[in-house]
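If you read the protein sequences in the order shown, they are chains A and B. Using my numbering, you'd call the opening residue of the first sequence number 1 and step up by one each time. Using my numbering, you'd call the opening residue of the second sequence number 1 and step up by one each time. A virtual CB, placed ideally from N, CA and C, is assigned to each residue, including glycine. Since this is a predicted model, take the numbers as computed values, not measurements. Read through the structure below, which is laid out as C-alpha cells, and then see the notes.
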Amino acid sequence: MKFLRSLRIDKGVRTALMVVAAVLVIAVLRSVPVVGRAFAVVERGLVIVGTSAGNVLSRVTTPEHSLTAQLAQCEDRLRDSTEREAALADAEQRAYELETLLGYVQTAQTTAVTAHVLSRALPEAATVRIDRGAAQGVQEGDAVVVDEGHLFGTVVAVSEQSADVRLLHSRESHVPAMLLGRGRTIGLVSGQEGSLLHMEFIPQDATIEEGQTVVTSGLEGALPANLVLGTVTSVLREETSPFIEAIIEPLYDSRAWTTVLVLVTSPV
Amino acid sequence: MDHGARAGDLASMIEGLFYGAGLWLTAMLSTTAVPSLIAPLCYAPLMLTTGLLVLHREGVVPGVVWLVLGAVLLGEPSLVLAAAVGAVLVVRVFAARSVYALLGLGVATGGVVAIAQGIVTMLRVLTGGAGGSLAPIAWRYVLLLVLLYCGYVLVHVLRRTLLRLFVIRQHEY
C-alpha cells in the first residue's frame, strides 16, 4: 500500500487493483481441493435453487387446464411409453444377440456414475459442468443420460474432479441415430436453433414417419445403442436431394435436470 | 496525515475485497442459478448489469475492471466491448448519477453490444457456421434495462438502510 501511495495512484485505481487481487486470491484458493469442494457444494446449491425456481415459475405461468398443461401431460405419457418401448427393444436386441452370437465376449462394460450439475454455460453455448471427473473414471466421449435412458449429452472435457458435457441440442453435437427397433444407422442427429434436433443424411429409401422414436445407433465411440433422442415431428423430403431430413423433438427439458448419469466405459 | 492515509488505504482495501467477492458471486450466479431459470429469464445479463452499475456509481476504472474481469471469468468477449463503450459514455455523455443517466448508459451500451452480437450471429449463419437466434439478444437487451432500474432502486434502498444503521457515513457517498 505504501508502494502504491508512493506511486500517487488514484483511489479508483487502488480499489481496482484490490479487486484484481481479490479475484486472483479466490481463483488460487479455488484450486485447493477442500475449497474447490466447498465451491462445488455452493454451485450445486445455486443450480438446484435456479432449477426449482424455474420449475415453479413454469408451473405458475401455465394454468392447470390450459392447452400447454394438457400437452405436457401427453408428453409425459409419450415419454413413459417411449421408455418402455426402448427398454423392450433393447431387451429384444440383447436376446437376439445372445441367441445368435453364442460365444461372443462382451468387452465394453458400462457403469453408471451419478453426477450433479455444477454450472451451466450461457444458454446458446449448450454445455454444463458436472461434479464427476477423471477420478471417478469419466472420460471424453462418455454418454450422459437423464431419466431412464434419454441421451442428455456427451463428455467433451475432463478434469480431475469435474467434466464438461456438451448437450444434445448444441450445434456442435452430432450423434449417429436410427429408428427404434431398426438395426441400422439411418442418419445423423445434430443440434439446431432452440431445443429441437435436426436429423440429416437419411437415405431416400428409408421409411421414416412422424411420431417414430429415434435412438442412438451405437456407432460412435462410447455412445451405447438405444438411448432415446426424441420423436420425429416432421419429415422434410425434396425429390432433388439425395437425402431426407427430419426434425426431432427431445422428450425432456435439459434445463429441468440437476442430476444426471454418466455411462462410464472404464470405471475406476 | 499518515494516520488518515492509512485509514484511506484500509478503506480501499476493504472496498476492493468487497468488490472482488461481489464480482465472483455475480460470475457464479451467471453460470448456475440464472441459466437454470426458464426462458426468457435465463438470458438475464447479470454481469453486464452489475458492471454498468459499478461504472455508473463508482467511476470508470472500477467499472472497466469489473467488466473486463467478468469477460475473463465468463469467457464472454462482448463484455470487453461494453467496458470500452461504457467508459467513453460515462465520461462524455452520462456523467450524472441520476437514474436517467444510468438508463441512458444502459440503452446505449446495451444497444452497441446487441448490434455487435447480432452482426456476429448473422455472419455465422451466412458463413454456414454454428449460428444462433436473434431472440436471446433482444431479450438480453430488454432484461438489461429492467435489471438496471431494479439495481438502481436496490442500491438506493441498501444505501439508506446502511446509513440508518450507521454502517456507512454520509460523506462516503
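Mark residue i as exposed unless 16 or more other C-beta atoms lie within 10 angstroms of its C-beta, in which case mark it buried.
i        : result
B/CYS150 : exposed
B/TYR100 : exposed
B/CYS42  : buried
A/ALA115 : buried
A/LEU24  : exposed
B/THR161 : exposed
B/HIS156 : exposed
A/GLN136 : buried
A/ALA69  : exposed
A/ASP205 : exposed
A/PRO242 : exposed
A/SER159 : exposed
B/ILE115 : exposed
B/GLU76  : buried
B/LEU74  : buried
A/LEU19  : A quick correction: the sequence has Val, not Leu, at residue 19 of chain A. With 16 or more Cβ atoms within 10 Å of its Cβ, A/VAL19 is classed as buried.
B/SER98  : exposed
A/PRO33  : exposed
B/ARG140 : buried
A/ILE26  : buried
Closest by CA to residue i, which one among the options?
i        : options                                  : result
A/LEU179 : A/GLU85, A/ASP142 and A/ARG59            : A/GLU85
B/LEU67  : B/LEU29, B/GLY59 and B/LEU48             : B/LEU48
A/GLY45  : B/CYS42, B/GLY106 and B/THR32            : B/THR32
A/ILE248 : A/THR213, A/ARG79, A/ALA157 and A/VAL144 : A/THR213
A/SER170 : A/VAL60, A/LEU197, A/HIS150 and A/LEU57  : A/LEU197
A/GLU83  : A/LEU24, A/THR207 and A/VAL228           : A/VAL228
B/ALA214 : B/GLY20, B/GLY22, B/ILE38 and B/PRO45    : Nothing can be reported for residue 214 of chain B: it is not among the residues displayed for chain B, which extend from 1 to 173.
A/VAL156 : A/ALA134, A/GLU148 and A/GLY149          : A/ALA134
A/VAL260 : A/PRO176, A/ARG129, A/MET199 and A/ARG30 : A/ARG129
A/HIS150 : A/VAL13, A/THR216 and A/ILE48            : A/THR216
A/VAL146 : A/THR258, A/LEU188 and A/ASP90           : A/THR258
A/VAL269 : A/SER119, A/THR111, A/THR154 and A/THR15 : Any property of residue 269 of chain A remains undetermined from this structure, which presents chain A solely from 1 to 268.
B/TYR19  : B/ALA95, B/VAL54, B/ARG140 and B/ARG92   : B/VAL54
A/LEU167 : A/VAL175, A/PRO176 and A/PHE152          : A/PHE152
A/GLU172 : A/GLN161, A/GLY187, A/SER66 and A/THR154 : A/THR154
B/LEU102 : B/VAL153, B/LEU25, B/GLY70 and B/LEU17   : B/VAL153
B/VAL203 : A/ALA22, A/VAL56, A/LEU17 and A/ALA38    : This structure does not reach residue 203 of chain B, given that chain B is present from 1 up to 173, and the question cannot be answered.
B/VAL113 : B/ARG92, B/GLU58 and B/VAL85             : B/VAL85
A/ALA271 : A/ILE26, A/THR265, A/ILE186 and A/SER254 : A query on residue 271 of chain A cannot be resolved here, the shown segment of chain A reaching from 1 to 268 and no further.
A/GLU220 : A/THR15, A/ALA143, A/ALA163 and A/GLY36  : A/ALA143
A/GLU239 : A/GLY36, A/VAL42, A/PRO203 and A/THR233  : A/PRO203
A/TYR252 : A/SER31, A/VAL138 and A/GLU75            : A/GLU75
A/SER31  : A/ILE208, A/SER162 and A/THR61           : A/SER162
Helix, strand or coil: how does DSSP classify residue i here?
i        : result
A/THR207 : coil
A/ASP324 : Outside the shown range of chain A (1 to 268) lies residue 324 of chain A, about which nothing can therefore be said.
B/GLY110 : helix
B/GLY121 : Just to set this straight, residue 121 of chain B is Thr in the shown sequence, not Gly. Helix.
A/GLU200 : strand
A/ALA72  : helix
A/GLY103 : The predicted model places A/GLY103 with a pLDDT of 46, which falls under 50 and marks its position as unreliable; any figure quoted below should be read in that light. Note: A/GLY103 maps to coil in three-state DSSP.
A/THR111 : strand
B/PHE94  : coil
A/LEU263 : strand
A/THR61  : coil
B/ALA39  : coil
A/ASP253 : coil
B/PRO77  : coil
B/GLU15  : helix
A/THR51  : helix
A/ARG171 : coil
A/GLU43  : helix
A/THR82  : helix
A/LEU223 : coil
A/ALA27  : helix
B/LEU176 : As shown, chain B starts at 1 and ends at 173. That puts residue 176 of chain B outside it, with no answer to give.
A/VAL32  : coil
A/GLU92  : helix
A/GLN192 : coil
Am I right that residue i and residue j are in contact with their C-beta atoms under 8 Å? What's the rounded C-beta distance?
i        : j        : result
A/ALA256 : A/ASP131 : Not really, about 18 Å apart at Cβ, beyond 8 Å.
A/GLY141 : A/ALA222 : 5 Å
B/ALA82  : B/THR109 : 5 Å
B/LEU134 : B/GLY118 : 6 Å
A/GLY54  : B/LEU37  : 4 Å
A/VAL189 : A/GLU210 : About 16 Å; that fails the 8 Å criterion.
A/LEU263 : A/ALA89  : Not confirmed; about 18 Å, so no contact.
B/ALA21  : A/ALA38  : Between A/ALA38 and B/ALA21 the Cβ distance is about 14 Å, and since that is not below 8 Å, they are no contact.
By DSSP's criteria, residue i is part of a beta bridge. Which residues make up the other side?
i        : result
A/GLY187 : A/ALA177
A/SER119 : A/ARG129
A/HIS150 : A/VAL146 and A/VAL228
A/VAL158 : A/ALA163
A/LEU236 : A/GLU245
A/VAL215 : A/MET178 and A/VAL228
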